[in-house]
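Chains as they are written, first to last, in our numbering: chain V, 1 to 177; chain R, 1001 to 1293; chain X, 2001 to 2368; chain H, 3001 to 3203; chain F, 4001 to 4531.
The C-beta atom is built at its ideal place from N, Cα and C for all residues, glycine as well.
Remember, predicted model here, so these are calculated numbers, not experimental data.
One structure is given below, encoded as structure tokens.
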Amino acid sequence: MQNLMQHFEIIQKTPTLYALHVSIETLFNTLHHLRYQSDFITLSQLTCTDWIEEERFELGYMLTNLERNCNLMVKCFIGRDDVTVASVVTLFPQAEVMERELHEMFGVGFEGNDTLYDFALEDWQDLPPMRREFDTLAYVQSHYDFRDGRDDNLDVKEQIKIRKAAAKSAKEAQGGA
Amino acid sequence: MVLIDCFLMLLLAYGFGFLYYGLYRNLSARVHGRFGPSLAQSFFDSVKLFVKEQSTTFGWMFYAGPIIMATGAVLNVLFIPFINHGDSLQGLSSSANLIVVLYLMVLGPLGNALGVGSNGNPFGVMGITRGLTRLIALELPFYLAVIGVMIDAGSADFSAIFEAQSQEMNLLKHPLLFMAAFISFLGFMGKSPFDVVGAPQEVYSGPATEFSGKFFALLLSQSAMFSFAKLLLMVNLFLGGADDLGDLVLKTFVLFVAATFIGSVYARFSTIQSVEFLMRIPTLLGIVGLALL
Amino acid sequence: MERKTITIFHGPQHPGITGNMSVELELTGETITKARTHVGYLHRGFEKLIERRTVIQAFTIVCRICVPEPDPNEANFALAVEQLAGIEVSEKATYIRVMVLEMARLAAQLLWMAGQSGSVGLGTVGQWSIYDRDLILDLFEALTGGRVYHMYIYPGGVRRELPEGFLERLGALLDYLQKRLVEYDRLFFDNASFQKRAIGVGVVKSEEALHLGYVGQVLRGCGLKRDVRRDNPYFNYAALEFDIPTQSGGDVFARALVRRAEMRESIKILRQVIAQMPTEGAIMQKLPKHRKFTLPKEDTYVAVESARGEFGYYMAGDGSEMIRRMQVKGPSLIHGFTLLESLLVGEELSNVALIMNSLGICPPEIER
Amino acid sequence: MEEGFNAYRQSLESEEQSIKSTQSVVEQAIAWFRAHSMFVLAYGTGCGAIEMPPTFTSRYDIERLGVVGVATPRQADILIVSGYCSPKTLKRVIRSYEQMSDPKYIIGLGSCTINGGMYWDSYNTIKKLDDFLPVDMYVNGCMPRPEALIEGFVKLQEKIRLNSSEAGYIKYRDNYAHYRANQERLFGAQVAPSYEENFAGMN
Amino acid sequence: MLHFEATLLGHLFFGLSLLVIVALLRKNDGLWHLLLLGSLGIIFYASSLVTLFIGWEMMGWSGYFILSKTARVSTLQRYILFNLGGAFALLGAIALLFSFMGSMMLCDIDLTLLPVWALHSVSALVLIAVFVKSGIIGAHDWVVDSYQEASPLFSAVLSAILSKAGIYLFIVLLLKQPHDERVLFELMAWLGAITSVVATFKAISQDEIKRLLAYSSIAQLGYIITALSLMQAYALEAALYHTVIHTLVKLLLFVNVAAIMAITGKERFSELGGLLYRVPLLFVLLVIGIIALAGMPLLGGFNGKFLLYTALLEEKRALLLATVMFSSASAFLYCYKLVYGIYLGQRPHDESPLHVSPKSYYIPQLLSAALLILLGFLPALPTPLFSAIGVEAGFSALEFTKPSILNSPFGSFNGAVLMSAFGVVFVLILGLLQRVHSKAKAAQNAQDISYCGEVPKAGVNLHFGYGMGHELGRIGFIAFILRRQSRRFWDYLNLIVGDLSILLRSLYALGTQHILLLSLLGFTLLLLGGL
């Protein structure tokens, strides 16, 4: 781990978790270098965080070493709209499914991965749902309808107000008597 | 007289078949550590299925399939005598012999195979193919044992077989033959190591995938009667036939309990493993049994 | 047109499927030539819902991610929030957390045994093991109030004190389970017909196992000693003494024996926890400004060893009280796709349910 | 008029007495057999499916009531929708329901089938199962316990014994257009083949 | 000096061949078929060995000319080579017999006079001819290819009749063997049983329909040869009964397959399927055919097998009987593959238009189906004829009480009771099912099957025809059978003969004086040998 420290500027977050920020151009070469030169041989997670106020996604490649006791987060910022990143399927075959999920949930393109068909949603026409501008509550209001409340019971808040007033008047009456 | 005899035999087979089916569910429930349903639960199931309002059919061949299977089961019951030396409960067994009964046992399932094939469901035909593939090796030890019994009795007629066992039943005379026959009997009854035909976890309930309503009811009823007929065949061949009704119930019950308990402690072989297994040890048992005849 | 291969679904509605997912199989005869996993039947958009919830609200929904074993989710969530917000957890709460995790692992292994024996048609083992698992759920009910979803491990500690006499009941249950494991050996693990079905089926090659990211019993089944509790210890697993069982076969039977040995290890850990459980000490450290608790602009990755392998959480806070992003990485994501699809090719149709159960694939944690 | 649970119980009993007198012995016998042998479809649609193994195995053992799990919809009478339902699952659930043969019943487990439950704001779960399929028996609880599930089955048995005309499958058959419209509104055009003619010859 | 003499056996075999060839007469190559019929007539009515041999040769090359219209050159070569080989073996046997008997007449052949070595060599030579004609394993190479490439109707003739000529030869020449010299026929009985087992498993793994039927007819002939080699009254009846059934069944099956090929133009299981509701009559006829082929108790197929089993039981040949029963139990799989591959299974999406099948395909099928059903009802109908043939061949007469009761040394059964019981019970259950409470509702369309909750998309193939029996390749000894190609043996033989001829040619290349020297040496050797 130490020789990697000089080569890249790696920040240590916790005793077993390191982080490394790279630009999108050097992303693939860094991953290639880490995969073959260092002992970080496994891609265990491909994360994407949507920083909408800064107008960018943050892609995170979680690499784990051979002994599985230390994780390295390789992160890079990419644009938010119709961006494509080089696919890492050649380095890590298991990335195929992770990229398929990110493609469906965030709309990030991965050229080189030809299995980007639907992962969890079937016939989904709307925005990729995990992007922050997609408002799930609005979608629910327009697509599903809720069960209308029981007609025999009045609105709960009114009931509470009535009970409170009754209790207060009863206390005053008792105080008065 | 023969008609009353046949009707009585069918009634007995239907009653005992469902009784044993209910017993099977209760005994295996007790092995599992629970109470299990009432004894007549399988009978309730079949009546409920008969009175369902809808049953899907896929053309006349699908309609005829289960009927041929039920006919095969009924014929099996009629052609195997219940009582060995008496003249009641013989059914039509006088006009047929053991070899005819052996091949009648396969007629029903083949008729059903046509019905299942006609509905176009791949799971159904995969179940049928598994049944026929398993049949290749399942019949081998059973035939060896049956050949031994026939040669020992000098004829294929049931009366001669009962004669040969009048002093000592075949189970004691030819224990090896009985063991070979019992292992393949487990396969015929669909008990655990060989219950590969309708395995729900593998072939989505096999041949009975498209059977709904009254067809499924007919399937349940005929399988109840058919399993009773197989029990009967084993009793007649190896336990010296039944002297009277009580003896019949006792002997079939003993065989049935043995099959149930063996069945509930074994995992299921795959089709090819069961064929390979049946071709090794049980066939060897049969051949050695024949040699010692 | 050539009709040499048929296409069937080992589909969502199928007694041989673990959970609600489907595998599209292309068969020649009953030999599989191509397999493709379909998920998404249980997708509820968890990560979207969590972005709209504060920590206290997200806590109740987190344990519903994976049904057979909810506790690793709660532990991960608590670990991540504590790491981001820098909260210390008392000694007693840590011991209780280890106890809950190990009890959940035992329950999950027993549920696995029911699934595995069901896939080879051995119904009796399933009936017994579900009964024994229910006894553990009774203890969970006494401790946390819920049978399966416990909502007990909260960031900062645990939500309820141990009911009195609980540790004795747990000790009695462990003695009972120790006796039952011998029965399971005779009926299931040493059963000749199960061994005939399980040995040599679904063999994972150990050279590519590490590189492709397999976790849990799949690794330990082919001889690689990897366990998050040992490699990357959390809570106070470093202080507890237990070993990591491995087998060298790499097939379904090897993974079954690994799970069998892990049950014995879990019982050993639970006995140590009962012995060393501190009697006093706060179990719950109040979160500052309970409802308006904010997370710093940081991100972290935490992992816990669930009954099926490493269960990782990536969490990022953004300074507000809502969680900016939480991504769940269960063991079944890689096992369900890359591993299952490669193992099934060339396999018989009757081994599909067998292999899926042995890999411990639980669909809700794949697509959340 | 009094509301709440007791009122519903009294109305059930009074309806039972009135129906019992009108139905012939044969119909009552048929209803008795249908109540005492229920085949449940082996389909764990949601997270409630984790409470089905304990109910069907040795500790709670629902087989005592005559309830058995079967593999295919053709053989099944009862479909348990156990918990939340995403549109992708709902399509399969509807397909299985329509392949089951009458009389068929649906048990909705958990609060998610009643009003969306914990996932009320999720874009991928339906909020009211009743729009798409006629539910005969709801069992509340965020994953109801095995005892609650058995209670649901016992109540369903009482309802089946009544052989009442407003059972789920009759409601589905009579206003099939209403259910179909809801389904098509949710799925768009890719719905499983419609079973319109299916019901033409029935009533 | 062609001598003819009408024997009962001759009448039986000629009657069968008449039935087959007349039923299949077509305008285009009718002439050759008549020639073939003529040659069969010569064989079956020959009373002298020479006539027999002439008829055998005529049959050989008339078959060759009919086959040459459709078959490939390599198949034709193999056909004529194997048949000539068989014919020359027969010629050798006739020469040997003549040298001992002194006369060519069939009636005064008496094998007991022959010394032991002559008896064995004659039997071996005749057996070679029989093997070649009926395609016992090893010599089956030409059978499968020529059945596959013959025109559909001619393969029916090939399978139904030409293979029976070998059986006739066996009965006429070899049946009256002296009892103690039976070791060759013990070996032959086992060869027949093993052939049927091997051919059955090869049949299961075929994708072309006609190859499956070819292997199945090899298996059935294996049974007949096992029955004949037992040399016992009931075994002879079993063989004759089985010959009759096999002719009828193969006629029915091959013509049915020919009709299917005429309708759809396809001949492979992986291309067919789902024709049940489009040609229902053909389906019913095929079902009757496979019930008889599989030896089910209802139709005539079972009677032949029943007699064979009882004959083997009487001879106490338990292991041989077990092998025969094993091969007939595994025959059920290819019978079901035949009917499923063509008619059942998923209804094809591309409802390609079917050309209407000519009526003439139906007549032979209906004829043989009717005969099979008749033999099902009255199993003992042909027994008087068979017992007369048995007496003629020197065996004891068979026990005969009623046409509906077929008796055998090991018990009898009543065909009429069996069939009528089946009919009555079938009608009763049908009535019960009609009046039961629940109403039958037809399924919507080909997609309306329970498919694990999914909907099978339009282009998806659900027809299991090709894959049926595919798993058997995983079993050790069946994989060995399927891998073992007898062609490699013949090609290897081909190579050896090639090398020998090259060697021989080099001999001629020597100078003339060497040749003179060699011939002188040869001549002296002959002289010495002659003294």
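To the nearest angstrom, how far is it from the Cα of residue 2256(X) to the Cα of residue 2363(X)? C-alpha separation (whole angstroms): 20 angstroms.
Quick check on residue 2037(X): does DSSP put it in helix, strand or coil? Annotated three-state conformation of residue 2037(X) is strand, per DSSP.
If you follow the beta strand (DSSP E) that residue 44(V) is part of, which residue opens it and which one closes it? Membership of residue 44(V) in the beta strand (DSSP E) is indicated by the continuous run 42 to 51.
Give me the Cα-Cα distance between residue 3175(H) and residue 1045(R), rounded to the nearest whole angstrom. One C-alpha to the other measures close to 30 angstroms.
Considering only residues of the same chain and omitting the five flanking positions on each side of residue 4373(F), which have a CB-CB separation below 6 angstroms? For residue 4373(F), there are no CB contacts under 6 angstroms within the same chain when 5 residues up- and downstream are skipped.
Return yes when the Cβ of residue 4131(F) is within less than 8 angstroms of the Cβ of residue 4481(F), no when it is not. No, the Cβ-Cβ distance between residue 4481(F) and residue 4131(F) is not below 8 angstroms.
Listing by chain order, which chain X residues have their CB less than 8 angstroms from the CB of residue 3088(H)? Result: 2040, 2041, 2043.
Please report whether the beta-carbon of residue 2019(X) lies at a distance below 8 angstroms from any beta-carbon of chain R. Taking 8 angstroms as the CB threshold, residue 2019(X) stays off the interface with chain R.
Taking C-alpha atoms, which residue in 1293(R), 1083(R), 1090(R) lies nearest to residue 1242(R)? Residue 1083(R) is the option with its Cα nearest to residue 1242(R).
4 or more residues per run - each alpha helix (DSSP H) lying fully within the region 3077 to 3123 of chain H: Fully contained in the region 3077 to 3123 of chain H are the following alpha helix (DSSP H) runs of length 4 or more, in chain order: 3087 to 3099, 3112 to 3115.
Secondary structure at residue 4140(F), three-state DSSP: helix, strand or coil? Coil, per DSSP.
Is the shortest distance between the beta-carbon of residue 2241(X) and the beta-carbons of chain F less than 8 angstroms? No, residue 2241(X) lies away from the interface with chain F (no Cβ there is under 8 angstroms from its Cβ).
Could you check whether the region 1189 to 1201 of chain R touches the region 1264 to 1280 of chain R, counting it as contact only if at least three pairs of C-beta atoms, one from each stretch, sit closer than 8 angstroms? Between the region 1189 to 1201 of chain R and the region 1264 to 1280 of chain R there are three or more inter-stretch CB-CB distances shorter than 8 angstroms, so the stretches are counted as touching.
Please report the residue range of the beta strand (DSSP E) in which residue 4359(F) lies. In this chain, residue 4359(F) is not harboured by any beta strand (DSSP E), its DSSP state being neither H nor E.
Just curious, the alpha helix (DSSP H) that residue 951(R) is in, first and last residue? Absent from the structure is residue 951(R), since the part of chain R shown begins at 1001 and ends at 1293.
Check for me: the alpha helix (DSSP H) holding residue 81(V) runs from which residue to which? Taken as a continuous stretch (DSSP letters only), residue 81(V) belongs to no alpha helix (DSSP H), as it is neither H nor E.
Contact check, residue 4163(F) vs residue 4212(F), beta carbons under 8 angstroms: Not in contact: residue 4163(F) and residue 4212(F) (Cβ atoms no closer than 8 angstroms).
Which chain F residues sit within Cβ distance under 7 angstroms of residue 3017(H)? Residues of chain F passing the Cβ test: none, with the nearest at roughly 26 angstroms.
Residue 2066(X) vs residue 2365(X) beta-carbon contact at 8 angstroms: Contact flag set, yes.
For residue 4381(F), the three-state DSSP class (helix, strand or coil): Here residue 4381(F) sits in coil by DSSP.
Are any of the Cβ atoms in chain X nearer than 8 angstroms to that of residue 180(V)? Past the edges of chain V, shown from 1 to 177, lies residue 180(V), and the structure says nothing about it.
Contact with chain R by residue 3161(H), beta-carbon distance below 8 angstroms: No, residue 3161(H) does not count as interfacial toward chain R.
Let me know the alpha helix (DSSP H) ranges lying completely inside the region 1033 to 1117 of chain R, each 4 residues or longer, listed in chain order. Assignment of alpha helix (DSSP H) within the region 1033 to 1117 of chain R, counting only whole runs of 4 or more residues, yields 1041 to 1050, 1060 to 1079 in chain order.
Would you say residue 3061(H) faces chain V, with C-beta separation under 8 angstroms as the test? No, because no Cβ of chain V sits closer than 8 angstroms to the Cβ of residue 3061(H).
Partners in chain H for residue 2061(X), counting only beta-carbon separations shorter than 9 angstroms: The contacting residues are 3118, 3119.
Step through the CB atoms of chain X and report whether any lies within less than 8 angstroms of the CB of residue 1021(R). No, its Cβ sits nowhere closer than 8 angstroms to a Cβ of chain X.
Is there a C-beta anywhere in chain H that falls below 8 angstroms from the one on residue 4453(F)? Closer than 8 angstroms: yes.
Fully enclosed by the region 8 to 47 of chain V, which alpha helix (DSSP H) runs are 4 residues long or longer? Within the region 8 to 47 of chain V, the complete alpha helix (DSSP H) runs of at least 4 residues are 24 to 37.
Per DSSP, the bridge partner or partners of residue 4442(F): According to DSSP, residue pairing for residue 4442(F) in a beta bridge involves 1057(R).
Report the residue from 4282(F), 4237(F), 4040(F), 4344(F) whose alpha carbon sits nearest the alpha carbon of residue 4271(F). With distances taken between Cα atoms, residue 4271(F) lies closest to 4344(F).
Return helix, strand or coil for residue 76(V), following the three-state DSSP convention. Looking at residue 76(V) - three-state DSSP - the assignment turns out to be strand.
So the candidates are 2057(X), 2103(X), 2081(X); which of them puts its Cα closest to the Cα of residue 2070(X)? Ranking 2057(X), 2103(X), 2081(X) by Cα distance to residue 2070(X) puts 2103(X) first.
Partner residues on chain X for residue 30(V), Cβ-Cβ distance less than 9 angstroms: What residue 30(V) touches in chain X: nothing, since even the nearest Cβ is about 18 angstroms away.
State whether the region 2149 to 2168 of chain X contacts the region 2076 to 2096 of chain X, with contact taken as three or more CB pairs (one from each stretch) at a distance under 8 angstroms. Yes: at least three Cβ pairs fall under 8 angstroms.
Where does residue 4164(F) sit, in a helix, a strand or coil, going by DSSP? In the structure shown, residue 4164(F) falls within a helical segment according to DSSP collapsed to helix, strand and coil.
How would you label residue 141(V), buried or exposed, when you count the other beta carbons within 10 angstroms and need 16 or more for buried? Exposed.
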